[in-house]
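> I'd like to ask you about the structure that follows.
Protein chains: 2
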Amino acid sequence: MSHTLNVHVTGEWTKGVQTRVHVRSFEPFIIDEPRALGGHDEGANPVEHILAGLTGCVSVMIAIIAKEQNFTYANASFDASGTLDVRGLMGTADVTPNFQTVTLHVTLETEETDERLRALEEAVESRCPVMTMLRDSGVRIDGAWTRA
Amino acid sequence: MSHTLNVHVTGEWTKGVQTRVHVRSFEPFIIDEPRALGGHDEGANPVEHILAGLTGCVSVMIAIIAKEQNFTYANASFDASGTLDVRGLMGTADVTPNFQTVTLHVTLETEETDERLRALEEAVESRCPVMTMLRDSGVRIDGAWTRA
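This is the structure we're talking about:
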């Protein structure tokens, strides 16, 4: 049995700094930039999609690992933010174009013990693909897991 | 003047492995997984959003750098794919949960010289935040820039 998961998207430039992206048979979506960054502001921007992917990935991993650990929760919510030094992408200073920091707050509604909550958090943070990608790219990741 | 760009998203678990994500005042969108991965298949999955962010980011950087270099193009299209070894996220083997490989093909409709096309490509690849994030996380990035 193959362990390989293949994923694929396509896209095309539409105007300005805007791109239309296609994922499987879902409705295509627009990636753009705010007007302050030279865009038409008709969709989330690329780095917002990275934070969206982080949020979705942590949520998937919570669901998978909670099931493994027989951990019950009634609700989960997420707040993800990031900072970039725009001189990196503008090419005007020798700083990384990548995120400088990412902060992720996870709020779980659960009656499980603190110890079991910590165990869930540690497993999610070590196995989540997007968390791993960000951490391994050198981004400082802050934030906390708290109860609702 | 501040060089810091701040980005922010929020989200909440909806059901199964599904999350609703909010970015500024845009319509919220659903991140889910295919049924084969235990989801309800009601939206692109987290790693597809990473490839979408890569596509959008490369497109933004082409627009910005083409303007700097007085490089003209009539169209740009993108094909991004990635592989993951699912044993990483399942915790069943000592492999990275992150992408194993990402392949990005960029097709530009342009009458600029090969030399100027290579210069554009190199600047985009070194200054694109999402490309930098993936490369610095240890992912092997393949692909080519070709003419339409």
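Just so you know, the sequences run in chain order A and B. Numbering-wise, this note's numbering comes out as the position in the first sequence, counting from 1, plus 955. Numbering-wise, this note's numbering comes out as the position in the second sequence, counting from 1, plus 955. Note that beta-carbon positions come from the ideal geometry of N, C-alpha and C, so glycine has one too.
1) Go ahead and pull the three-state DSSP assignment for A1018/B.
2) If you measure between the beta carbons of A999/A and F1033/B, is that distance less than 8 Å?
3) Consult DSSP for G1011/B and reduce its assignment to one of helix, strand or coil.
4) Measure the beta-carbon distance from I985/B to E997/B and round it to whole angstroms, keeping in mind my assumption that it falls under 8 Å.
5) Can you check whether the CB of A1099/A is closer than 8 Å to the CB of H1060/A?
6) DSSP puts S1092/B in a beta bridge; with which residues?
7) According to the neighbour-count rule (16 or more other Cβ atoms, all chains shown, within 10 Å of its Cβ), is T1010/B buried or exposed?
8) Determine the direct distance from the alpha carbon of T1065/A to that of R1071/A, and round the result to whole angstroms.
9) Just to make sure I have the definition right: I need the residues of chain A whose C-beta is within less than 7 Å of the C-beta of L1105/B. Which are they?
10) Which stretch, first to last residue, makes up the alpha helix (DSSP H) that contains D1069/B?
11) On a CA-only basis, which of Q973/B, D987/B, M1086/B and T974/B is nearest R979/A? Give me that one, please.
12) According to the Cβ coordinates, are V1057/A and V1085/A closer than 8 Å?
13) Alpha carbon to alpha carbon, what distance is there between F1026/B and A1078/A?
14) Once DSSP output is grouped into helix, strand and coil, what is the label at V1050/A?
15) Is the beta carbon of M1045/A less than 8 Å from the beta carbon of M1088/B?
16) Please classify R1082/B as buried or exposed, where buried requires at least 16 other C-beta atoms within 10 Å of its C-beta.
17) What residues in its chain sit with their C-beta under 8 Å from that of L1006/A, if we drop five residues either side in the sequence?
18) Decide if A1029/B is buried, meaning its Cβ has at least 16 other Cβ atoms within 10 Å, or exposed.
19) Any beta carbon of chain A sitting closer than 8 Å to that of A1035/B?
20) So which residues of chain A does D1040/B contact, with C-beta pairs closer than 7 Å?
21) Which same chain residues, not among the five before or five after G993/A, have their C-beta less than 6 Å away from its C-beta?
22) Going along chain B in order, which residues have a C-beta closer than 9 Å to the C-beta of I1112/A?
23) Does DSSP classify V964/B as helix, strand or coil?
By the coordinates alone:
1) As a first step, residue 1018/B must be located in the second sequence, where it is residue number 63. A1018/B: helix per DSSP, three-state reduction.
2) On the first sequence, position 44 is the one that residue 999/A refers to. On the second sequence, position 78 is the one that residue 1033/B refers to. No, the pair does not count as a contact, with Cβ atoms beyond the cut-off.
3) Reading the second sequence from its first residue, position 56 is the one you call residue 1011/B. Looking at G1011/B - three-state DSSP - the assignment turns out to be helix.
4) Here residue 985/B corresponds to residue number 30 of the second sequence, with the count starting at 1. Here residue 997/B corresponds to residue number 42 of the second sequence, with the count starting at 1. Between I985/B and E997/B the beta-carbon gap is near 5 Å, inside 8 Å, which marks them as a contact.
5) Stepping through the first sequence from its first residue, residue 1060/A is reached at position 105. Stepping through the first sequence from its first residue, residue 1099/A is reached at position 144. Yes. Within cutoff.
6) As a position in the second sequence, residue 1092/B is number 137, starting the count at 1. According to DSSP, S1092/B bridges with nothing at all.
7) Within the second sequence, numbered from 1, the residue matching residue 1010/B stands at position 55. Counting Cβ neighbours within 10 Å, T1010/B comes out buried, since at least 16 surround it.
8) As a working mapping, residue 1071/A is identified with position 116 in the first sequence. As a working mapping, residue 1065/A is identified with position 110 in the first sequence. When rounded, the distance between both Cα atoms is 10 Å.
9) Nothing can be reported for residue 1105/B: it is not among the residues displayed for chain B, which extend from 956 to 1103.
10) Taking the second sequence and counting its residues from 1, one reaches residue 1069/B at position 114. DSSP places D1069/B inside the alpha helix (DSSP H), whose first and last residues are D1069 to R1082.
11) Sequence index remark: in the first sequence, residue 979/A carries index 24 (1-based). For the residues Q973/B, D987/B, M1086/B and T974/B, the minimum Cα distance to R979/A belongs to D987/B.
12) Position 102 of the first sequence, counted from the start, is the residue given in the question as residue 1057/A. Position 130 of the first sequence, counted from the start, is the residue given in the question as residue 1085/A. The criterion of a C-beta distance shorter than 8 Å is not satisfied by V1057/A and V1085/A.
13) The residue given as residue 1078/A occupies position 123 in the first sequence. The residue given as residue 1026/B occupies position 71 in the second sequence. Roughly 47 Å between the two C-alpha positions.
14) If you number the first sequence from 1, residue 1050/A lands on position 95. For V1050/A, the three-state secondary structure derived from DSSP is coil.
15) Sequence index remark: in the first sequence, residue 1045/A carries index 90 (1-based). Sequence index remark: in the second sequence, residue 1088/B carries index 133 (1-based). Cβ atoms of M1045/A and M1088/B: not closer than 8 Å.
16) Within the second sequence, residue 1082/B is the residue found at index 127, counting from 1. So R1082/B counts as buried.
17) Indexing the first sequence from 1 puts residue 1006/A at position 51. Excluding residues within five positions, the ones whose Cβ falls inside 8 Å are A1035, S1036, G1037 and V1057.
18) Counted from its first residue, the second sequence places residue 1029/B at position 74. Exposed is the call here.
19) As a first step, residue 1035/B must be located in the second sequence, where it is residue number 80. Yes, its Cβ sits closer than 8 Å to a Cβ of chain A.
20) Indexing the second sequence from 1 puts residue 1040/B at position 85. Here the neighbours are H958 and T959.
21) Position 38 of the first sequence holds residue 993/A. Excluding residues within five positions, the ones whose Cβ falls inside 6 Å are V972.
22) Nothing in the structure corresponds to residue 1112/A, since chain A is present only between 956 and 1103.
23) What you label residue 964/B is simply residue 9 of the second sequence in a count that begins at 1. V964/B falls in the strand class under three-state DSSP.
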